[in-house]
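Okay, so here's the structure we're looking at.
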Amino acid sequence: MNSSEFRQRGREMVDYIADYLENIETRRVLPEVQPGYLRDMVPKEAPYDPDSWEEVMEDVERCIMPGITHWQHPRFHAYFPAGNSYPSILGDMLSDSIACVGFSWAASPACTELEILMLDWLAKMINLPQKFLHVSGAGGGVLQGSASDCVLVSMLVARNKALTDLSSSFKEQPEGVLLSKLVAYCSKLAHSCVEKAGMLSLVKMRELDIDENYSLRGGTLEKAIEDDRNEGLIPFYLCATLGTTAVCSYDNIKELGEICEKQKIWMHVDAAYAGSAFICPEFRNKMVGIEYARSFNMNPNKWLLVNFDCSALWVEDRKEMTNALTVDPLYLQHSQSDKAVDFRHWGIPLSRRFRSLKLWFVIRNYGVSGLQSYIRNHCTLAKLFESLVLTDGRFEVLGEVSLGLVCFRLKGHNFYTQMLMRSINLSGKLHMVPALINDSYVIRFAVCHQRAKEADIKYAWCVVLEMAAIVLETCKENFIEVAKVFEKIASLEIDDADEAKGDESQHSTKKNSIKKKKSDVKSSSQKFSNGDKPESNNCGTQINTKDSEKKLTLDFDGLGNTNSNETFEETDDNDDDEVFPFDDNIPSIPSIRSLPEPAAATADATAVNSNASSSNKHGKPLASYKRRNMLLRMISDPKLYKPQLLRSMSIERKKKMKVESSCTEELHSCSVESCDSRESCQEFATDSTGPNRLSSSYSQTNNNQEFESSKDKKKN
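Heads up, the sequence shown is in UniProt numbering, so the first residue is 1 and it goes up one at a time.
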């Protein structure tokens, strides 16, 4: 491509980008692809001769866009915002065109000096203490690739300082021994990158409990320090969080900072998301005590309209940073190193992008006032969504809604909220992600779109109500029906001898399989949707549960497949079947599933539940009906749900499959095609309320492996 063609293609690309962002709502927010989808669409070898630009762009739409999760979509409410704006895109274009590698001042003076200025600008915008500015003479800021990099660098610097101080006091102790004594702290809601930083730094990490406001308090830290010192450990680092990922809560950095200063512990403050909000004075009350911090990070690429990657890290003493990270070979030295800043000593990588250019473009194009308006709009819309949630007595909000995040859930057992979360994403109308807060499963609703409006929030709430109506009605019907079966089966008294006897003789007993006619399914489905009177909601729209039923698949983990038209006929075959009392009295449980699922998932679900040779914890054979009774208990009461039990049953089956090379007449298995019990097992395994719906312990990889094993077994 020459410059002439570049001009032409560049204009076309700008048009493509503008059209994509302007019309993004016409696309599905979540892709409908499976892992490995692209391998069959892209040639296995690189082209020997060049392809035309037209062919490349055609493949972008054909291959790439179907697999994109559209983070800039107005229906995207997952994670946190991914910064994006036209000035930032243009800044990145120019930075990529300049293509400098600014690891030192000499490598590209403008790259280094603009970064220094932008970090001082940003520090003043969020009202950081003067000690963090480059102009202070001691401290300064640097742009890193992510908040994870910032946390890791701060921990490495703190570790180096701690080891240096300890080595001077305990000269006879090897550094490795001292390192093994170091312990760092964070709250149980701190980002996972803190734990990873501890792993990479080879130090012990302790997650501390939070209070009723999901905040880490000084008393908790003080007690942990005392306990660890009594155990011979050396506390050296604390990562406090302002705006936790799960619920956007705030650690009490004033209390924590006072203790860290007294105990000579490095306090780092991670404000990756909330830090951007501090450009608005009304939110700065959350950072009271910031003067105790020795380092601080926030992400302009989250909430300041700057594209990834662009994370800012400040330290109060840059000499401590360079002492920990300096490696200075001759080929990287230059004559101005004693006067200039070399950012290669401020992070892990040597090579550095010209990130400050896009930050400069955004701040100048929007101004502080424009960025403040953008953030305030998100916070206002989050409060609107909170008010909508609170108008419905079935829901509750966890945590304070102070910025752009709302954490809500259906009241009651986590099971209901898990179903709601799954159904929302399966609908394709919204995308949200969950979090676990003090054992409560919540859905995180984040305002992310740059130009989000009230209509977007009200639409999202309508979708939540629509899915909740389906979930709650389904739970109500299915739990009641399964509970009836549970009551009958639970009334049986079976001792261990009878269990073993029943298990040995079950394949010599003639028995009819479960009758399940189309009329039963139809009548049950009618019962499910009895009184299809549309429900009203706060959005002024009508929600018809029956209509919604046709559009949604409720599948907790992608396992199983239920066909509402499936018929199980009575047979007179002499093949053995499992003993299961009250087969003819099992009620028809309605299915609201209509979307197809991968065959592998269906086969896996059948294989998991068709295993009739599981053992109990005492090592005795577990009769099929007893095992099913146990599974039914889990369904009828989610509090009894034990994923470990399901996992152990699966492990037991896998062990048996390894030992058995084929199915013989002496060892009858439900996977044999001619087995009469296979239908009843498969009916139970593929039921929309079966235990496979509740288990999240089977990954897609395990699904495929078990499906392949099941197929091999059938062939044998």
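Don't be surprised by glycine CBs; every beta carbon is placed ideally from N, CA and C.
How many Å lie between residue i and residue j at the Cα?
i           : j           : result
residue 198 : residue 155 : 8 Å
residue 10  : residue 4   : 10 Å
residue 269 : residue 315 : 11 Å
residue 101 : residue 331 : 15 Å
residue 184 : residue 162 : 11 Å
residue 44  : residue 208 : 49 Å
residue 419 : residue 86  : 38 Å
residue 394 : residue 410 : 6 Å
residue 293 : residue 253 : 8 Å
residue 248 : residue 349 : 30 Å
residue 519 : residue 453 : Summary for residue 519: the model assigns pLDDT 41, below 50, so the residue's position carries little reliability; its value from the coordinates is reported in the next sentence. Between residue 519 and residue 453, the C-alpha separation is close to 47 Å.
residue 473 : residue 1   : 60 Å
residue 307 : residue 204 : 34 Å
residue 146 : residue 275 : 14 Å
residue 390 : residue 383 : 10 Å
residue 23  : residue 228 : 56 Å
residue 799 : residue 364 : The first residue shown for the chain is 1 and the last is 716, placing residue 799 beyond what the model contains.
residue 430 : residue 319 : 48 Å
residue 263 : residue 328 : 33 Å
residue 277 : residue 376 : 8 Å
residue 528 : residue 291 : Low local confidence applies: a pLDDT of 36 at residue 528 is under 50, so the model's placement there is unreliable, and no value is given.
residue 388 : residue 14  : 39 Å
residue 19  : residue 70  : 14 Å
residue 51  : residue 25  : 31 Å
residue 132 : residue 116 : 12 Å
residue 27  : residue 406 : 25 Å
residue 548 : residue 386 : Here residue 548 scores only 39 on pLDDT, less than 50, and its place in the model is too uncertain to base an answer on.
residue 123 : residue 36  : 44 Å
residue 211 : residue 226 : 19 Å
Identify the residues that DSSP records as bridge partners of residue i: which are they?
i           : result
residue 314 : 141, 296
residue 398 : 407
residue 234 : 182
residue 270 : 241, 297
residue 250 : 242
residue 117 : Beta-bridge pairing links residue 117 to no other residue.
residue 444 : 407, 433
residue 206 : 185
residue 76  : 431
State yes or no: is the C-beta of residue i within less than 8 Å of the C-beta of residue j?
i           : j           : result
residue 279 : residue 130 : no
residue 447 : residue 404 : yes
residue 302 : residue 47  : no
residue 181 : residue 265 : no
residue 408 : residue 354 : no
residue 258 : residue 217 : no
residue 296 : residue 128 : yes
residue 467 : residue 77  : no
residue 470 : residue 423 : yes
residue 178 : residue 167 : yes
residue 31  : residue 67  : yes
residue 120 : residue 135 : yes
Measure how close the beta-carbons of residue i and residue j come, nearest whole angstrom, since I'm counting them as under 8 Å.
i           : j           : result
residue 251 : residue 215 : 6 Å
residue 75  : residue 29  : 4 Å
residue 72  : residue 305 : Actually they do not touch by this definition, with Cβ atoms about 11 Å apart.
residue 104 : residue 378 : Residue 104 to residue 378, Cβ: 38 Å. No contact.
residue 160 : residue 323 : 6 Å
residue 125 : residue 368 : 6 Å
residue 63  : residue 41  : 5 Å
residue 317 : residue 138 : 5 Å
Contact between the region 389-409 and the region 239-248 (3+ Cβ pairs under 8 Å)
Yes, the region 389-409 touches the region 239-248.
Meets three-Cβ-pair contact criterion under 8 Å: the region 138-145 and the region 339-353:
yes
Does the region 303-318 come within contact of the region 354-374, defined as at least 3 CB pairs closer than 8 Å?
Short answer: they touch.
Between the region 232-242 and the region 259-273, do three or more beta carbon pairs fall short of 8 Å?
Yes, the region 232-242 touches the region 259-273.
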